[in-house]
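A.B. asks:
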Amino acid sequence: MKNTLLAFVVAILFTAFSSCGTGSGEEEKTITMAKSELLNKVKGGWAGQAIGVTYGGPTEFRYLSRMIPDSVELRWDDSLVVMFYDNAPGLYDDIYMDLTFVDIFEKEGLDAPVESFANAFANADYMLWHANQAARYNILNGIQAPASGHWKHNMHADDIDFQIEADFAGLMAPGMVNAAMVYADRIGHIMNYGDGYYGGAYVAAMYSLAFVNDDVNKIVNEALKVIPEESNYYKCMADVIAFHKQFPDDWKMAWQAIEESEWAVDQHCPDGIASPFNIDATVNSAYVLLGLLYGEGDLKKTMDVSTRAGQDSDCNPATAAGILCTMYGYEAISDYWLDPLKPGEDRDFAYTTISLTDVYDMGYRHALKEIEAYGGTVGEESVEIKV
180 MKNTLLAFVV
190 AILFTAFSSC
200 GTGSGEEEKT
210 ITMAKSELLN
220 KVKGGWAGQA
230 IGVTYGGPTE
240 FRYLSRMIPD
250 SVELRWDDSL
260 VVMFYDNAPG
270 LYDDIYMDLT
280 FVDIFEKEGL
290 DAPVESFANA
300 FANADYMLWH
310 ANQAARYNIL
320 NGIQAPASGH
330 WKHNMHADDI
340 DFQIEADFAG
350 LMAPGMVNAA
360 MVYADRIGHI
370 MNYGDGYYGG
380 AYVAAMYSLA
390 FVNDDVNKIV
400 NEALKVIPEE
410 SNYYKCMADV
420 IAFHKQFPDD
430 WKMAWQAIEE
440 SEWAVDQHCP
450 DGIASPFNID
460 ATVNSAYVLL
470 GLLYGEGDLK
480 KTMDVSTRAG
490 QDSDCNPATA
500 AGILCTMYGY
510 EAISDYWLDP
520 LKPGEDRDFA
530 YTTISLTDVY
540 DMGYRHALKE
550 IEAYGGTVGE
560 ESVEIKV
């Protein structure tokens, strides 16, 4: 009897451990990728983000709880990037904020402590707003990370801040969603908790999956597995996916359904209460999803939808374009989009000594280290990634 019982217990334990995969119910697998393609995708993610934020820059928070009408032209020309670099470099806050964290990884390695990221962020020269500014105030006044982002100390905890700064976590973890979550967790709670944190976690997961998938719908759905189903954030994203199925050919109907839902009301940010202004992560993530789902893999259409949805209409197309261009890679971005960007690629972003060209290289090297750190291998010409 004892032997029978022992054998039964061993069998149960073996089955349990054997079924442990990535945490999403799927078995771990290994993917081989040429190093040149890895670099291509890293570059695509950063370039796409820069293109998207530039494209939506002129309309940021000018259209609150209303769509940008088709009669309003969304500008794109050879002088636009240089114009913003010269006259409004703060537009690129969602990139130079990322670079604060990328720079710490560069200087201190993958195991850099949360204190290093928090102190760099809190003492940087750039201006901050909402959850970021509240977190900076907390850190400089003795409330250290991760408490600095917690709703007990930060009334902006559900705001969009980490969502627009989480790109780095996915771009340095190609195909390794769980690894991306390690860095999202370490850094995202400096400024956000709850739905605000989930916005960044979801974005990081989509970037990570974009390295190993060529189907936007799969990326959107698979990445949602990192978010607790009982959270408002998950419920909002699930609603957007359902609205897309209900209105597959009309993003404006889906937008209207979002607008009429509970997710369109900002209940926490003092500026958004009883106001059409909404900087909550949920509704702005909803607009990112609208772009990805209705863009059908086309960069212009993706950015158009995410921009015309309104609210944070530069950061949302930046996120959507970054994810899409990670999937396709830098070399697949047409000259129409790249030519205006190229004059700025070698210029340092404001408040940094890092350019796009620099972060292409840094992000690629960090991804190689990450691949090795999480069980993959780096060869002369290719990498093997544990997905």
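Numbers in the working numbering are just positions in the sequence shown, counted from 1, shifted up by 179. C-beta atoms are modelled at their ideal positions from N, C-alpha and C, and glycine is treated no differently. Quantities reported herein were computed from a predicted structural model and do not represent experimental measurements.
Based on Cα-Cα distance, which residue from LYS404, PRO325 and LEU520 lies nearest to TYR234?
C.D. replies: Looking at LYS404, PRO325 and LEU520, the one whose alpha-carbon comes closest to that of TYR234 is LEU520.
A.B. asks: How about ASP304: is its C-beta nearer than 8 Å to some C-beta of chain D?
C.D. replies: Note that chain D does not occur in the displayed structure, where there is just one protein chain.
A.B. asks: Which partner residues does SER534 have in the DSSP bridge list?
C.D. replies: ASP527
A.B. asks: What's the call for ARG241, buried or exposed, on a 16-neighbour Cβ count within 10 Å?
C.D. replies: exposed
A.B. asks: In whole angstroms, what separates the C-alpha of ASP273 from that of CYS494?
C.D. replies: For the pair ASP273 and CYS494, the Cα-to-Cα distance works out to about 7 Å.
A.B. asks: Under a three-way DSSP split, which group does MET212 fall into?
C.D. replies: strand
A.B. asks: Where PRO292 and SER327 are concerned, what is the direct C-alpha to C-alpha distance, given to the nearest angstrom?
C.D. replies: 15 Å
A.B. asks: If we count the other Cβ atoms within 10 Å of its Cβ and call it buried at 16 or more, is LYS222 buried or exposed?
C.D. replies: Taking every protein chain shown into account, the CB of LYS222 has 16 or more other CB atoms within 10 angstroms, so this residue is buried.
A.B. asks: Taking ALA143 as the reference, give the member of PRO325, ALA352 and ALA453 with the closest Cα.
C.D. replies: Any property of residue 143 remains undetermined from this structure, which presents the chain solely from 180 to 566.
A.B. asks: Going by DSSP, what residue range makes up the beta strand (DSSP E) through GLU287?
C.D. replies: Premise fails: GLU287 lies in the alpha helix (DSSP H), 272-287, not in any beta strand (DSSP E).
A.B. asks: Does the beta-carbon distance from TYR376 to ILE502 come in below 8 Å?
C.D. replies: no
A.B. asks: Where in the segment 462-530 do unbroken runs of the alpha helix (DSSP H), each at least 4 residues long, occur, reported from the N-terminal end onward?
C.D. replies: 478-487, 494-507 and 514-524
A.B. asks: Applying the criterion that 16 or more other CB atoms from any shown protein chain within 10 Å of the CB defines a buried residue, is VAL566 buried or exposed?
C.D. replies: With 16 or more Cβ atoms within 10 Å of its Cβ, VAL566 is classed as buried.
A.B. asks: Which same chain residues end up closer than 7 Å to TYR264 when comparing Cβ atoms and leaving out the 5 residues on each side of it in sequence?
C.D. replies: GLY523 and ARG526
A.B. asks: Who are the Cβ neighbours of GLU401 in its own chain at under 6 Å, not counting the five residues just before and after it?
C.D. replies: LEU388
A.B. asks: Grab the span of the beta strand (DSSP E) containing VAL562 for me, first residue to last.
C.D. replies: 561-565 is the span of the beta strand (DSSP E), which, as asked, contains VAL562.
A.B. asks: If you draw a straight line from the alpha carbon of GLU560 to that of SER215, how long is it in whole angstroms?
C.D. replies: So the two alpha carbons sit approximately 8 Å from each other.
A.B. asks: Check this for me: beta carbons of CYS448 and ILE437, under 8 Å apart or not?
C.D. replies: no
A.B. asks: Quick one: what does DSSP say VAL557 is sitting in, helix, strand or coil?
C.D. replies: strand
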